[in-house]
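Scroll down for the structure; my scribbles are underneath it.
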Amino acid sequence: MRVLSLAWEYPPHVVGGLGRHVHHLTEALAERGVENTVITFSDGSSQPAETVGSVKVLRVNPYSMRYPDFVSWVHGLNTLITERAKSAGPFDLIHVHDWLTATSGIALKHIYRRPLVATIHSTEIGRRVNLKNETERHIHDLEWWLAYEAWKVICCSNYMEGEVSRNLLCPCGKIAVIPNGFKAISGSGTGTGTGTGTGTGTGAAEAAFDRQKYAREGESIILYVGRLVYEKGPHLIMEAAQRLRRDDLKFIIVGEGPMRTFLRDLAAKLGVNDRVSLLGHVPDSLLSSLYKNAAVAVFPSLYEPFGIVALEAMGYGTPVLASDTGGLGEIVRSGYNGMKFTCGSPDSLATTLSSMVGDGELLGRVSANGRSCLSGYSWSGAAESTLDLYSRVMSEYAAGSWKPRA
Amino acid sequence: MKPIINITWEYPPWVVGAMSQELRRALPPAAKSFPISLVVRGDGDGVTELDGMRVYTVAQSVRDSPHVLAHAHALNIDLLRGACNAYHDAGGAQLIHTHDWVSSLAGAYLSANTGVPLAVSIYTTEVQRAGGLPSLFSMAIFDIERYCLSKAKWVIAVNEVAALRLTKDYAVPPSRLIPCKGSLATAYKRMGVSR
Chain A
1 MRVLSLAWEY
11 PPHVVGGLGR
21 HVHHLTEALA
31 ERGVENTVIT
41 FSDGSSQPAE
51 TVGSVKVLRV
61 NPYSMRYPDF
71 VSWVHGLNTL
81 ITERAKSAGP
91 FDLIHVHDWL
101 TATSGIALKH
111 IYRRPLVATI
121 HSTEIGRRVN
131 LKNETERHIH
141 DLEWWLAYEA
151 WKVICCSNYM
161 EGEVSRNLLC
171 PCGKIAVIPN
181 GFKAISGSGT
191 GTGTGTGTGT
201 GTGAAEAAFD
211 RQKYAREGES
221 IILYVGRLVY
231 EKGPHLIMEA
241 AQRLRRDDLK
251 FIIVGEGPMR
261 TFLRDLAAKL
271 GVNDRVSLLG
281 HVPDSLLSSL
291 YKNAAVAVFP
301 SLYEPFGIVA
311 LEAMGYGTPV
321 LASDTGGLGE
331 IVRSGYNGMK
341 FTCGSPDSLA
351 TTLSSMVGDG
361 ELLGRVSANG
371 RSCLSGYSWS
381 GAAESTLDLY
391 SRVMSEYAAG
401 SWKPRA
Chain B
1001 MKPIINITWE
1011 YPPWVVGAMS
1021 QELRRALPPA
1031 AKSFPISLVV
1041 RGDGDGVTEL
1051 DGMRVYTVAQ
1061 SVRDSPHVLA
1071 HAHALNIDLL
1081 RGACNAYHDA
1091 GGAQLIHTHD
1101 WVSSLAGAYL
1111 SANTGVPLAV
1121 SIYTTEVQRA
1131 GGLPSLFSMA
1141 IFDIERYCLS
1151 KAKWVIAVNE
1161 VAALRLTKDY
1171 AVPPSRLIPC
1181 KGSLATAYKR
1191 MGVSR
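Line by line, the protein sequences give chains A and B.
First residue of the first sequence? That's 1 in the working numbering, and the numbers climb one at a time after it.
First residue of the second sequence? That's 1001 in the working numbering, and the numbers climb one at a time after it.
Here's what the structure looks like:
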């Protein structure tokens, strides 16, 4: 089977989790005999065409044109992707990831009359809560259009299936739930995947970890890893820290984002700045050490389509406390492989965290079960399910009359 | 005989501005000599016969856009859908002919992926309309015009002012420029399109 994958990010150009998702999935599909060509973005610093592993990668550079804003930039990128598809060679099926490559996928579907599969990683309504302006409504319309034109839509969690069905009016029969995989990238733990580390570091650096730089003796490290954006809920940690009034807990915040200054000011305002450290991006080796030394990893997301950070923490054996929302709520089973608190409630977060920290038996149990549940999230499993979906789409396509005639 | 696929964002009764009237004057006479399929934004997706042409209407898929650029990009994917139906229904096309930048991306996409030559008619350019390139918006539209013109085998200047601006501002070589002094049928004949 020959698949043309369209994604706005792919290594070495990685913005968030989408690029890594497409990278791991296409590699795992290639191991199963799928000929994958990815058309993606380049800023001019990467090769316009190369084969990475078994995946053919074609890149287009949108900076050959000028744009007044991000939406226009995305449309320009899609213009160049559509033109570049001719050089990809023949393909049986098109696979688009999110609205960012929706229009090129829709264009190529109609030009070549080939089936279109779309993975919708998140939605604009979910990210923004409400659609407040024309740009957000435009992106929402593109998401609806992609779901409408797609033969099948892939979502990473049951939560996202509901969101795509409800917000994009996509029939449930068109949606397949295929959880993301989880891949280890360092020898210091089971893996990382959040993009909050810098990708540097060595085992020696990890061995040199000085715990006292981050927490005093007797203090338990409560670790947050993620982007500092509202939807990830880092402000709830500050509010919970204030409610707890415990001197034996040290909150370590790893990650960057537009909320950093706000969070620093909030910690001062709430009087918890001596109990909270904002570290920004950290090397993988330090991140690994922090995970291993943390009593609990907290993920207070308000919106989380999947929640790969929870798997990352489980890989290190760190007990997880997550908000009961989205994909996080599906990964974590309270009392089994972690604990959950009421989404958006700093009181619930504070109470649950306080009860966890003092319960050694609970921490040991959720840590062990967390590690063991990782086997359910592999890229090989995701590729098997995706390949099965491709096969079903192609047999339905073969039985139909919608074919190229030219 | 494979058709000439004309792509436009307006043709009566779907009117935006003056271009629809110009096309109403130019296309039906040409359709007497050449097979023409017309793709136009309409009230819904459909196929009909009008003025001697097979007309493919397309509905707009996107309702909200922050500005005309985003609107035009999305509209061109809708126009492309109609053009692809015209292309596959006829088993191919002799020529893809677009009208100004607002419909030329659709033609460029289809031409790039099928090898069917592209002709772009220019009525006015962004440099003319905006009196230069005073904003990033104008520059972005100028870049789209330039991109589409670079993909065209022929550029039809609908008037002498446009012909002058195309050579001066967009560096369109005279060998690709067809001044449309006579009828559209004459221009098609010059391009070697079969009747």
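Glycine included, C-beta positions come from ideal geometry on N, C-alpha and C.
- Alpha-carbon to alpha-carbon, L1075 (chain B) and A1157 (chain B): A1157 (chain B) and L1075 (chain B) have their C-alpha atoms spaced approximately 23 Å apart.
- Query: Short check: CB of I120 (chain A) to CB of E136 (chain A), under 8 Å?
  - Reply: Taking 8 Å as the Cβ cut-off, I120 (chain A) and E136 (chain A) do not qualify as a contacting pair.
- Can you grab the Cα-Cα spacing for the pair C373 (chain A) / A310 (chain A), in whole Å? When only Cα atoms are considered, C373 (chain A) and A310 (chain A) end up about 11 Å apart.
- Item | Alpha-carbon to alpha-carbon, K340 (chain A) and R1146 (chain B) | Approximately 56 Å between the Cα atoms of the pair.
- Please go through the same chain and pick out, in chain order, the residues whose beta-carbon is closer than 6 Å to the beta-carbon of P1179 (chain B), but skip the five residues on each side of it. Take P1179 (chain B), set aside five residues on each side of it, and the residues of its chain with a beta-carbon closer than 6 Å to its own are A1157, A1163, in chain order.
- Message: Among the candidates A:G218, A:D92, A:L77, whose CA atom is the shortest distance from the CA of N293 (chain A)?
- Response: Relative to N293 (chain A), the option among A:G218, A:D92, A:L77 whose CA is nearest is A:G218.
- Have a look at A:L287, A:Y67, A:G381 and flag the residue whose alpha-carbon is nearest the alpha-carbon of E408 (chain A). Because chain A in this structure spans residues 1 to 406, residue 408 (chain A) falls outside the shown range and cannot be described.
- Express the C-alpha separation of I252 (chain A) and V15 (chain A) in angstroms, rounding to a whole number. Taking the straight line joining both Cα atoms gives about 23 Å.
- Item | Close Cβ partners of M238 (chain A) (< 7 Å) along its chain, the five nearest in sequence each way excluded | Around M238 (chain A): L263, L266, A267, L270, V272, V276.
- Could you give the DSSP three-state label for W379 (chain A): helix, strand or coil? Helix.
- chain B within 8 Å of Y67 (chain A), Cβ atoms only: By this cut-off, Y67 (chain A) is an interface position.
- Query: Are the C-beta of S5 (chain A) and some C-beta of chain B separated by less than 8 Å?
  - Reply: So, not an interface residue.
- Query: Since D1064 (chain B) meets chain A, which of its residues come closer than 7 Å, beta carbon to beta carbon?
  - Reply: Result: E134, R137, H138, D141.
- Task: Would you tell me roughly how many angstroms separate the C-alpha atoms of V55 (chain A) and S122 (chain A), rounded to the nearest one?
- Result: Answer to the nearest angstrom: the Cα atoms are 25 Å apart.
- Item | C-alpha distance - V164 (chain A) paired with H235 (chain A), whole-angstrom precision | Between the alpha carbons of V164 (chain A) and H235 (chain A) lies a gap of roughly 27 Å.
- Query: Under 8 Å between the Cβ atoms of G307 (chain A) and G327 (chain A)?
  - Reply: In contact: G307 (chain A) and G327 (chain A) (Cβ atoms closer than 8 Å).
- Nearest-angstrom Cβ-Cβ length linking A1140 (chain B) and I1004 (chain B), presumed shorter than 8 Å: Between A1140 (chain B) and I1004 (chain B) a beta carbon distance of about 29 Å is seen, past the 8 Å cut, so the two are scored as non-contacting.
- Query: Name the chain B residues that come within less than 9 Å of S488 (chain A), Cβ to Cβ?
  - Reply: Look at the range of chain A in this structure, 1 to 406, and you will see that residue 488 (chain A) is not part of it.
- Task: With a 10 Å radius around its C-beta and 16 neighbouring C-beta atoms as the bar for buried, classify S958 (chain B) as buried or exposed.
- Result: Outside the shown range of chain B, which is 1001 to 1195, sits residue 958 (chain B), and nothing can be said about it.
- Touching or not, the segment 1026-1040 of chain B and the segment 81-94 of chain A, by the rule of three or more beta carbon pairs under 8 Å? With a cut-off of 8 Å on Cβ pairs, the segment 1026-1040 of chain B is not in contact with the segment 81-94 of chain A, counting fewer than three such pairs.
- Query: Could you check where the beta strand (DSSP E) with R59 (chain A) kicks off and where it finishes?
  - Reply: Boundaries of the beta strand (DSSP E) around R59 (chain A): 55-60.
- Can you check whether the CB of L1105 (chain B) is closer than 8 Å to the CB of A1152 (chain B)? For the pair A1152 (chain B) and L1105 (chain B), the CB atoms are not nearer than the 8 Å cut-off.
- Verify the CB distance criterion: does I106 (chain A) have a CB-CB separation below 8 Å to chain B? Interface residue, yes.
- Task: Below 7 Å between beta carbons is the criterion; list the residues of the segment 1136-1147 of chain B that meet it against any residue of chain A, in chain order.
- Result: Of all residues in the segment 1136-1147 of chain B, L1136, F1137, M1139, A1140, D1143, Y1147 have a Cβ within less than 7 Å of some Cβ in chain A.
- S1020 (chain B) to R127 (chain A), Cα distance in whole Å? When rounded, the distance between both Cα atoms is 41 Å.
- Message: Would N1113 (chain B) pass as an interface residue toward chain A - the criterion being a Cβ-Cβ separation below 8 Å?
- Response: Chain A contact via Cβ: present.
- Task: Could you round the C-beta distance between V117 (chain A) and Y390 (chain A) to whole angstroms and report it? I think they count as a contact, below 8 Å.
- Result: Indeed they touch by this definition, with Cβ atoms about 7 Å apart.
- State the start and end residues of the unbroken beta strand (DSSP E) segment that holds L328 (chain A). The continuous stretches of beta strand (DSSP E) do not include L328 (chain A), which lies in the alpha helix (DSSP H) extending over residues 326-331.
- Message: I'd like the list of long-range same chain contacts for P404 (chain A), defined as Cβ closer than 7 Å, with 5 residues on each side in sequence excluded.
- Response: The beta carbon of P404 (chain A) lies closer than 7 Å to those of Y112, R113 in the same chain, with the five residues before and after it left out.
- My guess is that V96 (chain A) and L146 (chain A) are in contact by the Cβ rule of under 8 Å, so how many angstroms apart are they, rounded? About 6 Å; that satisfies the 8 Å criterion.
- Query: Are three or more beta carbon pairs between the segment 1073-1088 of chain B and the segment 1040-1058 of chain B nearer than 8 Å?
  - Reply: Three or more beta-carbon pairs separated by less than 8 Å link the segment 1073-1088 of chain B to the segment 1040-1058 of chain B, which places the two stretches in contact.
- Item | Residue range of the alpha helix (DSSP H) that includes N78 (chain A) | Membership of N78 (chain A) in the alpha helix (DSSP H) is indicated by the continuous run 70-84.
- Query: Can you name the residues of chain A whose CB is closer than 7 Å to the CB of I1077 (chain B)?
  - Reply: Result: T103, I106, A107.
- Message: Which complete beta strand (DSSP E) runs does the segment 97-183 of chain A hold, if anything under 3 residues is left out?
- Response: Every beta strand (DSSP E) stretch that sits fully inside the segment 97-183 of chain A and reaches 3 residues is listed by chain position as 116-119, 152-155, 175-177.
- Task: Determine which residues share a DSSP beta bridge with A268 (chain A) and list them.
- Result: For A268 (chain A), which the question treats as bridged, DSSP gives no partner whatsoever.
- Task: Tell me where the alpha helix (DSSP H) around G19 (chain A) begins and ends.
- Result: Looking at the DSSP string, the run of the alpha helix (DSSP H) that includes G19 (chain A) is 17-31.
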